[in-house]
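The next block holds one structure in the form of structure tokens; read it before the comments.
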DNA sequence: ACAGAATTGTAGCCACAGCTACAATCTACA
DNA sequence: TGTAGATTGTAGCTGTGGCTACAATTCTGT
């Protein structure tokens, strides 16, 4: 085994992240839309992500197979208990990342964009550091 | 147009990032391997990323079409001037992200893993904040 | 020089995420 | 009530990134 082999581990992690990013984005969006609209429909998700309703439909089907969402034909999309838990975790993590970026001086618009991309790649350990730093910074200022 | 429409912009940005992530990882890896081995071959990249040589081959072909790498059949893979410039930028950005994570208290192993995922999603504005914070922190300690 | 090993290329498969076009279903209003 | 518009579902295409299996080429050691 060459010394390159161990370097592949972070990349494997990156690819695994990719396969769950969409799931995380979807449960987060479904929770948000359901909270603000009363219900979440395919068309809402399509607008939210800027994709066609067909793509949403297929993805929702996949998430249903994974036990994250629950829906019936021509009915709104809802979260399972598992999906709801994931949504809460994602929302908390997203908020921590966003607030951390603001705290280190990133402008709100950029922070919103970057948080979307960054949040899926922040491990629990790093997240704790974000929280700790935010606390420390708050007590200083 | 609903008020959800504007929310699709960060997600579009996220997807654009995805399409260039592999390109960035590849040029960075090619530069690293060429520097340490003298030349970079398909087999080296396959080991580095933990994928089959077939996947590497196809991706290298795409990057060649994009003008980032230069190769010939059964020959090593090299970077074009454009690819070399991109590699330098990626390496600098990667190092800034990694050092920043270390500076806020993330352990080295986790920092290495998270930096791999995060680096592609850090905008220039956020990167400047990382650098500024690192400087400030260095002068304090 | 040549046989075997290593490397690279090709054929063809899968899954996923995007799309258009069209069909089916629901909803709402005249 | 019944039709028009909104919504959802289905068929089928593309591009990308993963793979195995096999063919071709290059490298290496005897």
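Residue numbers (the numbering used here), protein chains in the order written: chain A, 397 to 537; chain B, 397 to 537.
No residue lacks a Cβ here, since even glycine has one placed at the ideal position from N, Cα and C.
Computed from a predicted structure; not experimentally measured.
**Message:** My parser needs the alpha helix (DSSP H) runs of 4 or more residues fully inside the region 488 to 524 of chain B; what are they?
**Reply:** 504 to 514
**Prompt:** Going straight from the alpha carbon of residue 424(A) to that of residue 434(B), what length do you get?
**Reply:** 47 Å
**Item:** residue 475(B) - DSSP class collapsed to helix/strand/coil
**Value:** Residue state, collapsed to three classes: strand.
**Item:** Own chain, CB closer than 7 Å to residue 495(A), minus 5 neighbours either side, in chain order
**Value:** The answer, listed in chain order, is 530.
**Item:** Three-state secondary structure assigned by DSSP to residue 447(B)
**Value:** coil
**Request:** My understanding is that residue 420(B) touches residue 525(B), with C-beta atoms under 8 Å, so please give their C-beta distance in whole angstroms.
**Result:** At roughly 20 Å, the Cβ-Cβ gap does not stay under 8 Å, so residue 420(B) and residue 525(B) are not in contact.
**Message:** Please list, in chain order, the chain A residues whose beta carbon lies closer than 8 Å to that of residue 519(B).
**Reply:** 506, 509 and 510
**CA-to-CA distance, residue 461(B) to residue 478(B), given in whole angstroms** = 12 Å
**Message:** Check whether chain A comes within 8 Å of residue 453(B), counting only Cβ atoms and requiring the distance to be less than that.
**Reply:** no
**Item:** Same chain, Cβ closer than 6 Å to residue 430(A), five either side skipped, listed in chain order
**Value:** 436
**Request:** Show which residues of chain A have a CB atom less than 9 Å away from the CB atom of residue 528(B).
**Result:** 500 and 501
**Item:** Where the beta strand (DSSP E) through residue 467(A) begins and ends
**Value:** 465 to 467
**Asked** Is there a Cβ from chain B that is less than 8 Å from the Cβ of residue 436(A)?
**Response** no
**Asked** If we ignore side chains and look at the alpha-carbon of each, how far apart do residue 399(B) and residue 444(A) end up?
**Response** Low per-residue confidence applies at residue 399(B): pLDDT is 33, beneath 50, and the placement is therefore not dependable, though the value from the model is reported in the following sentence. Whole-angstrom Cα-Cα distance: 9 Å.
**Item:** Short Cβ contact (8 Å threshold) for residue 521(A) with residue 490(A)
**Value:** Result no, Cβ atoms of residue 521(A) and residue 490(A) do not sit closer than 8 Å.
**Asked** Can you list, in chain order, the residues of its chain whose CB lies under 7 Å from that of residue 507(B), leaving out five sequence neighbours each side?
**Response** 494, 497 and 498
**8 Å Cβ cutoff met for residue 438(A) and residue 456(A)** = yes
**Asked** Which bits of chain A does residue 497(B) rub up against, with CB to CB less than 8 Å?
**Response** 522 and 525
**Asked** Going by other Cβ atoms of all chains shown within 10 Å of its Cβ, with 16 needed for buried, is residue 422(B) buried or exposed?
**Response** With 16 or more Cβ atoms within 10 Å of its Cβ, residue 422(B) is classed as buried.
**Prompt:** Considering only C-alpha positions, which residue in the set 503(B), 470(B), 528(B) and 441(B) is nearest to residue 518(A)?
**Reply:** 503(B)
**Distance between residue 482(A) and residue 467(A) (C-alpha atoms, nearest Å)** = 17 Å
**Request:** Output the distance between the C-alpha atoms of residue 480(B) and residue 447(B), rounded to the nearest integer angstrom.
**Result:** 23 Å
**Euclidean distance between Cα positions of residue 537(B) and residue 515(B)** = Interpretation of residue 537(B) is limited by its pLDDT of 45, a score under 50 that renders its predicted location unreliable; the figure taken from the coordinates is listed afterwards. Cα to Cα, residue 537(B) sits roughly 26 Å from residue 515(B).
**Item:** Three-state secondary structure (DSSP) of residue 457(B)
**Value:** helix
**Prompt:** From the beta carbon of residue 416(A), is the nearest beta carbon of chain B less than 8 Å away?
**Reply:** no
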